[in-house]
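Numbering (this note's numbering), first residue to last: 42 to 164.
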């Protein structure tokens, strides 16, 4: 059975759209394609202000991607406490944090060789 391939650019755009629809903050895209042995092509990192907003971001991303691409994450982890939720779309991994948790782990600094694109908030 062949797995359908999803266009990274389309998936990335829909993930960003899903985050922005519920006012996710501080969106960064880390391009990991040039880094040897990286487990994925991109990280998308953002944060919300509460457990409720983190869950809303996760649900919005899932709904937006599912509606447009008929795709769903391979794995979702951390939704129970909604401090750091990881959504694995295989080629793109989405990290949705509460702001203090994001600042504590600072995963952007762990991938210093990655090309980072920051999406400006629209509101």
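The beta-carbon is built from N, C-alpha and C at its ideal position, and this holds for glycine as well.
In this text the structure is predicted, and so the values were computed from the model without any measurement.
Straight-line gap, residue 67 to residue 48 (C-alpha atoms, nearest Å): Those two C-alpha atoms are separated by around 24 angstroms.
Residue 110 versus residue 51 - alpha carbon distance: 8 angstroms
Terminal residues of the beta strand (DSSP E) in which residue 159 lies: 156 to 160
Supposed close pair residue 156, residue 72 - CB separation, criterion 8 angstroms: 4 angstroms
Every unbroken beta strand (DSSP E) within the stretch 84 to 158, with a cutoff of 3 residues, ordered by chain: Positions of the beta strand (DSSP E) runs, each at least 3 residues long and wholly inside the stretch 84 to 158, are given as 116 to 118, 125 to 129, 133 to 139 in order along the chain.
Endpoints, the beta strand (DSSP E) within which residue 70 is located: Start and end: 66 to 72.
Span of the alpha helix (DSSP H) around residue 54: From DSSP, the alpha helix (DSSP H) with residue 54 extends over 49 to 62.
CA nearest to the CA of residue 77, picked from 160, 159, 152: The option with the nearest alpha carbon to residue 77 is 152.
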